[in-house]
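S.K.:
Residue numbers (this note's numbering): 904 to 1776.
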């Protein structure tokens, strides 16, 4: 705003307001500083020329201000329902408008620092002259600066303080504060320029907002908050005078050292009181206050109420780890600046209000569930409990909790393993953790690849335990084989369970979390394809390295952050559309301008039809599988998908799942050290440690279901669920090796059923079960029996006489032992003839086996009897 035009009056103080009077200003300024310049022998004319050549423009940059991070109780109205998590600053300042500052503070500043402020044009000649005389007498620049000059000095110092180069900042500060006449001349010139451009009210407001009030407290609003737990607008007269007193000499007059001998509680903050009372005297002298107000203020004791602002995430309590994550986003995301240094500087100085996605209610439920189930400290076992929840379809982080107390202070951390600065829920770049093995929760990505490649849920695979799995296809790294690994690659489920079924279906393997079932599925897939599908769901290693894609990775050996898995499960629940995580919903500058923030990026990870098949299988995990406990304990119980995970020796245990609205991952993990425990043999609060995940997860999802609701998942198509029936190859007469190759090539599991009697050549396939030509689903077991070469086929003797049949059956090569039974027949042609034989014609037997022939015996039918007459009745 342009300054009001001021007329030149007879008073010396008003002449500098006239635009174009720089020469006159120079003359009078020369008079003011003459004693000082005289020491250098500089002529008055030269002084005028020097002054006139100095720049009069001073850019007033954004002040360093406190930035705040907020959560909300209402995602629809984050600003209106905000909850402060923490504040961050290098200078504790809140820039406020003029009408937000008490008139007492404004009047105290003018009366105490520059009584002729409203009349002069930037430089008070009388005060400057007096100051110059003092400079000459004392050897340094003393007093005499107008409020505008002080404002200029503070602006110049502020420019130094925002410099990122320490040496440059030090040099700048020295130049802005050096006690020399040329610095004073430059300051005066800039003050005159400021007065030409800005209204007096704006200059006074700027001065009160930029001034230092001791320590890291800057600006009248922060000072009112800090020293008296009030606002700049609500300052009382004595409070306002005490704060303005501090500006004169912050170290001497600040009020936060109650033990000070010269300015402490014991002597009523005597030093500050002397300066305060001087300011009150001046306010009365210049008619800023009346006598009664003066008397009351003079009599009022100085009673500071020191209120330390929340500084850093340690003040965020149970929300501290989420707060820490937000600061890492502000530091790492290029949305907030080109370099990390610039991003940090923008945040700590910018006066931003950052509104986040955290659901404080759901977070509180999660923290309570963790605290009730997982101790912060367990002997020498550094156990961790983690919870990450995200909103399906948006990527908004709703919950980020862990069973530890947050502290960045190494001295505090040394007091116990309950303290840490590591955020277990996030990647290393966003909290310091290197992640954890997710165990069987990772199997969902093999399931996704299985369905993508056209396999069905009911299709079966070779699920037998073995250490000779043979070759695995890998389109990225070439064929992989682990048969000669040491120790041998012989996967099984943790806890000693036995994979009893030799060919589980994909659905059974998912429901029961069968390791060999998933290795069998991987055998039919591309290991590189499984990795890429996981990456499509946003999955990556927490340490930033590339995902391992070996066969063991199928059952969850990559170290991954819980938040990453929560995002992936939300993608499955979102019909295959995965949305990257976001923590910030809105960001406002100090003037209320909305600033750009990182946006969630949503990607179709798999087609909806594939996602529907995944959802179908993962619902069975909840209703009939390994997550039944979590499902049963959730209320209200909505349609939910899920997957459990347990690493070797139950070192880490997981429960991950989602509704159509919220996805939650709960883990109990070893976070460091070698003294971890097997969770199956350890208890927390009387409950087996490996099962507490099924206590924590339902509590969180019960609250989420009640708040966010959820819908039915889409129906999976029949083709995704049901495997197509294909004919079993007819391999009779083939060698067993050839039969195995043929049967497995057709997609079936070959099983050697041993030797059976057959007319086929010895060692060849006698028959299969199911028989060749019968329809069966891919992956089903086909048992082949090899011939011993001794079998003979029962010949066709039906219709022969008993004698002929006996002769045939007992003769070589058959040599059967023949028994006979008779069966009545009304057909004379069947009399004495063979009507049937057991075993049947074509059946295989050995010589000496017994057979039974059935001989027809003619029986004359009984004569027919006449039907009785029907009578009317």
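C-beta: ideal position from N, C-alpha, C; glycine also.
1) On a CA-only basis, which of 1540, 1729, 1641 and 1436 is nearest residue 1611? Give me that one, please.
2) Who pairs with residue 987 in a beta bridge, going by DSSP?
3) Assign residue 1588 to one of two classes, buried (16 or more other C-beta atoms within 10 Å of its C-beta) or exposed (fewer than that).
4) If you follow the alpha helix (DSSP H) that residue 1104 is part of, which residue opens it and which one closes it?
5) Which of the three DSSP states is assigned to residue 1600 in this structure?
6) Taking the C-alpha atoms as reference points, what is the distance between residue 1568 and residue 1466?
7) Which one of 1624, 1416 and 1290 has the shortest CA to CA distance from residue 1811?
8) Suppose you measure from the CA of residue 1269 to the CA of residue 1469; what does that come to, to the nearest Å?
9) Does residue 1145 pass the burial test, meaning 16 or more other C-beta atoms within 10 Å, or should it be called exposed?
10) Can you list, in chain order, the residues of its chain with a C-beta nearer than 8 Å to that of residue 1450? Leave out the 5 residues immediately preceding and following it.
11) Spell out the partners DSSP gives residue 1688 in its beta bridges.
12) Assign residue 1182 to buried or exposed, taking buried as 16 or more other Cβ atoms, counted over all protein chains shown, within 10 Å of its Cβ.
13) Measure the alpha-carbon distance for residue 1356 versus residue 1421 and round it to whole angstroms.
14) For residue 1693, which residues from the same chain have a beta carbon less than 7 Å from its beta carbon, with the 5 sequence-adjacent residues on both sides left out?
15) CA-CA distance, residue 1683 and residue 1410?
16) Just the Cα atoms here: how many angstroms apart are residue 1523 and residue 1543?
17) How long is the line joining the alpha carbons of residue 1106 and residue 1098, rounded to whole angstroms?
18) Helix or strand or just coil, what does DSSP make of residue 1417?
19) Mind checking whether residue 976 and residue 1286 have CB atoms under 8 Å apart?
20) With DSSP run on the structure shown, which of helix, strand or coil describes residue 1166?
21) Report the start-end ranges of each alpha helix (DSSP H) in the segment 1268-1336 that is 4 residues or longer and not cut off at the edges.
22) DSSP state of residue 1701, grouped into three classes?
23) Alpha carbon to alpha carbon, how far is residue 996 from residue 1060? Give it in angstroms, no decimals.
24) Using a Cβ-Cβ distance under 8 Å, would residue 1174 count as near chain C?
25) Buried or exposed, going by whether 16 or more other CB atoms sit within 10 Å of the CB of residue 1759?
26) By a C-beta neighbour count over all protein chains shown, 10 Å radius and 16 as the cutoff for buried, is residue 922 buried or exposed?
27) Cβ of residue 1486 within 8 Å of Cβ of residue 1344?
28) Using DSSP's beta-bridge definition, name the partner residues of residue 1375.
29) Go ahead and pull the three-state DSSP assignment for residue 1178.
30) Short check: CB of residue 1570 to CB of residue 1446, under 8 Å?
31) Report, in whole angstroms, the separation of the C-beta atoms of residue 1005 and residue 991, which I expect to be a contact under 8 Å.
32) Can you tell me whether residue 1548 is helix, strand or coil according to DSSP?
33) Can you find at least 3 beta carbon pairs, one from the segment 1131-1143 and one from the segment 1186-1202, that sit closer than 8 Å?
34) Looking at the structure shown, is residue 1543 part of a helix, part of a strand, or coil, going by DSSP?
35) Considering only their Cβ atoms, is the gap separating residue 1697 from residue 1739 smaller than 8 Å?
36) Leaving out five residues on either side along the sequence, give the residues of the same chain with a beta carbon under 6 Å from the beta carbon of residue 1626.
M.R.: Taking the structure as given:
1) Within the chain shown, numbered from 1, the residue matching residue 1611 stands at position 708. The residue with the shortest Cα to Cα distance from residue 1611 is 1540.
2) Taking the chain shown and counting its residues from 1, one reaches residue 987 at position 84. 973, per the DSSP bridge assignment.
3) Taking the first residue of the chain shown as 1, we reach residue 1588 at position 685. Exposed, since its Cβ has fewer than 16 Cβ neighbours within 10 Å.
4) Residue 1104 sits at position 201 when you count from the first residue of the chain shown. Where residue 1104 is concerned, the enclosing alpha helix (DSSP H) stretches over 1103-1113.
5) Your numbering for residue 1600 matches position 697 in the chain shown. It is helical.
6) As a first step, residue 1568 is located in the chain shown; it is residue number 665 there, counting from the start. As a first step, residue 1466 is located in the chain shown; it is residue number 563 there, counting from the start. Residue 1568 and residue 1466: Cα-Cα distance of roughly 8 Å.
7) Coverage of the chain is limited to positions 904 through 1776, which leaves residue 1811 absent and any answer about it impossible.
8) Here residue 1269 is taken as the residue at index 366 of the chain shown, counted from 1. Here residue 1469 is taken as the residue at index 566 of the chain shown, counted from 1. Whole-angstrom Cα-Cα distance: 15 Å.
9) Walking along the chain shown from the start, residue 1145 turns up at place 242. So residue 1145 ends up on the buried side.
10) Locating residue 1450 in the chain shown gives position 547, counting from the first residue. Hits under 8 Å: 1434, 1437, 1438, 1442, 1443, 1444, 1456 and 1461.
11) In the chain shown, the residue the question calls residue 1688 occupies position 785. DSSP, once it has assigned bridges, lists 1670 as partnering residue 1688.
12) The residue you call residue 1182 lines up with position 279 of the chain shown. Buried: at least 16 other Cβ atoms inside 10 Å.
13) Here the question's residue 1356 lines up with position 453 in the chain shown. Here the question's residue 1421 lines up with position 518 in the chain shown. Spanning the two alpha carbons is a distance of roughly 15 Å.
14) The sequence position of residue 1693 within the chain shown is 790, counting from 1. Only 1660 and 1749 meet the Cβ criterion.
15) Taking the chain shown and counting its residues from 1, the one referred to as residue 1683 is at position 780. Taking the chain shown and counting its residues from 1, the one referred to as residue 1410 is at position 507. Spanning the two alpha carbons is a distance of roughly 14 Å.
16) Counting from one through the chain shown, the residue named residue 1523 turns up at place 620. Counting from one through the chain shown, the residue named residue 1543 turns up at place 640. Cα-Cα distance, rounded: 9 Å.
17) Against the chain shown, residue 1106 aligns to sequence position 203. Against the chain shown, residue 1098 aligns to sequence position 195. Cα to Cα, the separation comes out at about 8 Å.
18) For this step, residue 1417 is matched to residue 514 along the chain shown. Three-state DSSP puts residue 1417 in coil, outside helix and strand.
19) Reading the chain shown from its first residue, position 73 is the one you call residue 976. Reading the chain shown from its first residue, position 383 is the one you call residue 1286. Contact: no.
20) Position 263 of the chain shown, counting from 1, holds the residue named residue 1166. Coil at residue 1166, not helix or strand.
21) 1313-1316
22) As a working mapping, residue 1701 is identified with position 798 in the chain shown. If DSSP states are grouped into helix, strand and coil, residue 1701 belongs with coil.
23) To locate residue 1060, count along the chain shown from 1; it is residue 157. To locate residue 996, count along the chain shown from 1; it is residue 93. So the alpha carbons of these two residues sit roughly 15 Å apart.
24) This model lacks chain C altogether; it includes just one protein chain.
25) Counting from one through the chain shown, the residue named residue 1759 turns up at place 856. Residue 1759 should be labelled buried.
26) In the chain shown, residue 922 corresponds to position 19, counting from 1. Reliability of the predicted coordinates at residue 922 is poor, the pLDDT of 33 falling under 50, and no value is obtained from them.
27) Counting from 1 along the chain shown, the entry for residue 1486 is found at position 583. Counting from 1 along the chain shown, the entry for residue 1344 is found at position 441. Taking 8 Å as the Cβ cut-off, residue 1486 and residue 1344 do not qualify as a contacting pair.
28) As a first step, residue 1375 is located in the chain shown; it is residue number 472 there, counting from the start. BP columns for residue 1375 point to 1383.
29) Residue mapping note: residue 1178 aligns to position 275 of the chain shown, counting from 1. Here residue 1178 sits in helix by DSSP.
30) Against the chain shown, residue 1570 aligns to sequence position 667. Against the chain shown, residue 1446 aligns to sequence position 543. No, Cβ-Cβ distance for residue 1570 and residue 1446 is not below 8 Å.
31) For the purposes of this step, residue 1005 is taken as the residue at position 102 of the chain shown. For the purposes of this step, residue 991 is taken as the residue at position 88 of the chain shown. Not quite, the Cβ-Cβ distance comes to about 27 Å (not below 8 Å), so this is no contact.
32) In the chain shown, residue 1548 corresponds to position 645, counting from 1. Residue state, collapsed to three classes: strand.
33) yes
34) One-based indexing of the chain shown puts residue 1543 at position 640. Looking at residue 1543 - three-state DSSP - the assignment turns out to be coil, as it is neither helix nor strand.
35) Here the question's residue 1739 lines up with position 836 in the chain shown. Here the question's residue 1697 lines up with position 794 in the chain shown. The answer is no: Cβ separation not under 8 Å.
36) Numbered from its first residue, the chain shown carries residue 1626 at position 723. Hits under 6 Å: 1359, 1361, 1362, 1680 and 1681.
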